[in-house]
Amino acid sequence: MRPAPRELRKSLRTDFNPSFKLRLIRSAFRLRQASHLPALALGARLHEPIFIIGAPRSGTSLLYAILRDSSQLAHWPGEAHEVWEADYHPAMREWESNALGASDLTPKAASRIRSQFFLTAGPRKRLVDKTPRNSLRVDFVNALFPDARFVFLQRDGRDNINSLINAWRTPRYRTYRLPSPHSIPDTDPNWWKFVLYAGWRDDCRGPLETVAAKQWKICNESALETLDTLGESRWIGMRYERLIENSEEETQRVSEFLGLDFDDRLRAAARVRVAVPINTVTPPEAGKWRRENPQQIDSILPLIASTMEALGYR
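At position 290 of the sequence shown the residue is numbered 273 (this note's numbering), and the sequence of numbers has no breaks.
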């Protein structure tokens, strides 16, 4: 059953109780979008938009925070679920999953998404977007923007899944209010968090570590499979661990691939953003799964072994 428009719009917001500051930011953003309407009417289009993908909790927020400081880029305030899912909310698709392919793209949806993102960036800048769910939609995004560039962020599955487990247990990160409650232990039964993968109903009783492991595994496998079909000129991989260890070098490497100037502003962003944790549950630390959720992670190692190997982790 399709939700009421107001409930649908609310469910697409990443902040359910926006502060006064955020409301001001959104108002200014809408004014900036309006200023780009004449260029859109004259037929201007986005040029080589940049899409950061990766499993949720893989560090995409950190990389996004760095790149959006580039003077050459513009971005939607927050994650642009209002753009991506206005026509593709899971409630409109029998709550199947977040996955979309090129065949799912309708002319109406394509026009709306392209227009909204163009109005975000305007004719003088490129767009950068960070949406982990798009790891399941690379073909869909490519059909929309055939000249897009993708940055695929990867993280050791043990640490990534540990972070997902911790995040599921907090009141934060609510994603979808389900039509009926789940019974995953130690979580809010009314809310699904993060990416909705095919077959999620089979895991509605948990355990939580299996849900988190499948979210990590399916996002990475889907991204790898579809990115490989695009060719090396269209995407670049980055490891979260290397970004943390050498943020300036990694940011420069990605910037050069994307055709961005690695100037003092971007260099400073790479240095400062890594020093101050972004969107974390606990401070970043390699291998902290051994201290926080060792039994849960040990139990899912067979499930993620092949994906870990494909990503080059041991």
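Using N, Cα and C, we set each Cβ at its ideal position, and we do this for glycine too.
Open item on the list: Give me the residue from 182, 187 and 191 with the minimum Cα distance to residue 81.
Closed with: Taking the first residue of the sequence shown as position 1, residue 81 is located at position 98. Taking only the C-alpha atoms, the option nearest residue 81 is 182.
Task: Closest Cα partner of residue 158 within the set 150, 177, 148 and 141 - done: Position 175 of the sequence shown, counted from the start, is the residue given in the question as residue 158. Checked all of 150, 177, 148 and 141; the closest Cα to residue 158 is 177.
Task: Any alpha helix (DSSP H) of 4 or more consecutive residues that is wholly inside the segment 172 to 250 - done: 191 to 210, 223 to 228 and 230 to 241
- [ ] For residue 201, I'd like the list of residues in its chain whose CB is within less than 6 angstroms of its CB, leaving aside the five on either flank, ordered along the chain.
- [x] The residue given as residue 201 occupies position 218 in the sequence shown. For residue 201, where only same-chain residues beyond five positions count, the Cβ hits under 6 angstroms are 180.
Task: residue 12 versus 91, 167, 249 and 102, residue with shortest Cα-Cα distance - done: Residue 12 sits at position 29 when you count from the first residue of the sequence shown. Ranking 91, 167, 249 and 102 by Cα distance to residue 12 puts 102 first.
Task: Cβ pair count under 8 angstroms reaching 3, the segment 264 to 276 against the segment 82 to 93 - done: no
Open item on the list: If you follow the beta strand (DSSP E) that residue 136 is in, where does it begin and where does it stop?
Closed with: Taking the sequence shown and counting its residues from 1, the one referred to as residue 136 is at position 153. Counting along the chain, the beta strand (DSSP E) containing residue 136 begins and ends at 132 to 137.
- [ ] Below 6 angstroms CB to CB, which residues in the same chain sit around residue 189 once its five sequence neighbours on both sides are set aside?
- [x] Sequence index remark: in the sequence shown, residue 189 carries index 206 (1-based). Hits under 6 angstroms: 167 and 168.
Open item on the list: Less than 7 angstroms between C-beta atoms, sequence neighbours within five positions excluded: which residues of the same chain meet that for residue 108?
Closed with: Locating residue 108 in the sequence shown gives position 125, counting from the first residue. Result list for residue 108: 55, 56 and 57, in chain order.
Task: beta strand (DSSP E) segment containing residue 34, residue limits - done: Taking the first residue of the sequence shown as 1, we reach residue 34 at position 51. Segment 33 to 36, the beta strand (DSSP E) holding residue 34.
Open item on the list: Can you tell me where the beta strand (DSSP E) holding residue 111 begins and where it ends?
Closed with: Here residue 111 refers to the residue found at position 128 of the sequence shown. Element bounds for residue 111: 109 to 113.
Task: Bounding residues of the beta strand (DSSP E) (the contiguous stretch that carries residue 273) - done: The sequence position of residue 273 within the sequence shown is 290, counting from 1. Per DSSP, residue 273 belongs to no beta strand (DSSP E); it is in the alpha helix (DSSP H), 272 to 275.
Open item on the list: Since residue 95 and residue 69 should fall inside the 8 angstroms C-beta cutoff, what is the C-beta to C-beta distance between them, to a whole number of angstroms?
Closed with: For the purposes of this step, residue 95 is taken as residue 112 along the sequence shown, with counting starting at 1. For the purposes of this step, residue 69 is taken as residue 86 along the sequence shown, with counting starting at 1. That pair is a contact at about 7 angstroms.
Open item on the list: Our contact map puts residue 43 next to residue 33 with C-beta atoms below 8 angstroms; I'd like the distance itself, whole angstroms only.
Closed with: Locating residue 43 in the sequence shown gives position 60, where the first residue counts as 1. Locating residue 33 in the sequence shown gives position 50, where the first residue counts as 1. The Cβ separation is near 12 angstroms, so there is no contact.
TODO: Please say whether residue 59 and residue 144 have beta carbons closer to each other than 9 angstroms?
DONE: For the purposes of this step, residue 144 is identified with residue 161 of the sequence shown, where counting begins at 1. For the purposes of this step, residue 59 is identified with residue 76 of the sequence shown, where counting begins at 1. No, these two residues do not count as a Cβ contact at 9 angstroms.
Task: residue 288 versus residue 139: straight-line alpha-carbon distance, rounded - done: Translated into the one-based positions of the sequence shown, residue 288 becomes position 305. Translated into the one-based positions of the sequence shown, residue 139 becomes position 156. Whole-angstrom Cα-Cα distance: 11 angstroms.
- [ ] Can you have a look at residue 238 and say buried or exposed, based on whether 16 or more other CB atoms are within 10 angstroms of its CB?
- [x] Locating residue 238 in the sequence shown gives position 255, where the first residue counts as 1. Answer is buried; the Cβ neighbour count reaches 16.
TODO: Measure the C-alpha to C-alpha separation of residue 242 and residue 214 and round it to an integer number of angstroms.
DONE: Stepping through the sequence shown from its first residue, residue 242 is reached at position 259. Stepping through the sequence shown from its first residue, residue 214 is reached at position 231. About 17 angstroms.
Open item on the list: For residue 121, which residues in the same chain have their Cβ closer than 8 angstroms to its Cβ, ignoring the five residues on either side in sequence?
Closed with: Your numbering for residue 121 matches position 138 in the sequence shown. Once the five neighbours on either side are set aside, the close Cβ partners of residue 121 are 36, 133, 205, 206, 209, 210 and 213.
Open item on the list: To the nearest angstrom, how far is the alpha carbon of residue 23 from that of residue 131?
Closed with: Residue numbering aside, residue 23 sits at position 40 when the sequence shown is read from its first letter. Residue numbering aside, residue 131 sits at position 148 when the sequence shown is read from its first letter. The straight-line gap from Cα to Cα measures roughly 19 angstroms.
TODO: Might you give, ordered along the chain, the residues of its own chain that have their beta carbon closer than 7 angstroms to the beta carbon of residue 124, omitting 5 neighbours on each side?
DONE: To locate residue 124, count along the sequence shown from 1; it is residue 141. Closer than 7 angstroms at the Cβ level, and outside the excluded window around residue 124, lie 34, 117 and 131.
TODO: Might you give, ordered along the chain, the residues of its own chain that have their beta carbon closer than 7 angstroms to the beta carbon of residue 173, omitting 5 neighbours on each side?
DONE: By 1-based counting over the sequence shown, the position of residue 173 is 190. If we look at residue 173 and ignore the five residues flanking it on each side, its Cβ neighbours are 160, 161 and 164.
Open item on the list: On the CB-based measure, 16 or more other CB atoms within 10 Å of its CB, does residue 30 come out buried or exposed?
Closed with: Here residue 30 refers to the residue found at position 47 of the sequence shown. When all chains shown are included, residue 30 counts as exposed.
Task: Residue environment, residue 259, which counts as buried when at least 16 other CB atoms sit within 10 Å - done: In the sequence shown, the residue the question calls residue 259 occupies position 276. Exposed: under 16 other Cβ atoms inside 10 Å.
- [ ] With DSSP collapsed to three states, give me the class of residue 27.
- [x] For the purposes of this step, residue 27 is taken as residue 44 along the sequence shown, with counting starting at 1. Note: residue 27 maps to coil in three-state DSSP.
Task: Closest residue to residue 253 among 155, 171, 234 and 152 (Cα-Cα distance) - done: Locating residue 253 in the sequence shown gives position 270, where the first residue counts as 1. For residue 253, the nearest C-alpha among the options comes from 234.
Task: Supposed contact pair residue 147 and residue 223 - C-beta distance, whole angstroms, cut 8 angstroms - done: Residue 223 sits at position 240 when you count from the first residue of the sequence shown. Residue 147 sits at position 164 when you count from the first residue of the sequence shown. Going by Cβ atoms, the distance from residue 223 to residue 147 rounds to 13 angstroms, so no, they are not a contact pair.
Task: Where the beta strand (DSSP E) containing residue 159 begins and where it ends - done: Taking the sequence shown and counting its residues from 1, the one referred to as residue 159 is at position 176. That run of the beta strand (DSSP E) goes 157 to 160.
Task: C-alpha gap between residue 127 and residue 78, whole angstroms - done: What you label residue 127 is simply residue 144 of the sequence shown in a count that begins at 1. What you label residue 78 is simply residue 95 of the sequence shown in a count that begins at 1. The straight-line gap from Cα to Cα measures roughly 23 angstroms.
Task: Proximity winner among 51, 110 and 98, relative to residue 25 (alpha-carbon distances) - done: To locate residue 25, count along the sequence shown from 1; it is residue 42. The candidate whose alpha carbon is nearest that of residue 25 is 98.
Open item on the list: Helix, strand or coil, according to DSSP, for residue 56 in the structure here?
Closed with: Within the sequence shown, the letter at position 73 stands for residue 56. Reduced to three states, the DSSP call for residue 56 is strand.
Task: Contact set for residue 89: own chain, Cβ-Cβ below 8 angstroms, skip 5 residues either direction - done: The residue labelled residue 89 in the question sits at position 106 within the sequence shown. Here the set comprises 70.
TODO: Flag this pair as yes or no: are the beta carbons of residue 255 and residue 226 separated by less than 9 angstroms?
DONE: Position 272 of the sequence shown, counted from the first residue, corresponds to residue 255. Position 243 of the sequence shown, counted from the first residue, corresponds to residue 226. No; because the gap between Cβ atoms is not below 9 angstroms, this pair is not in contact.
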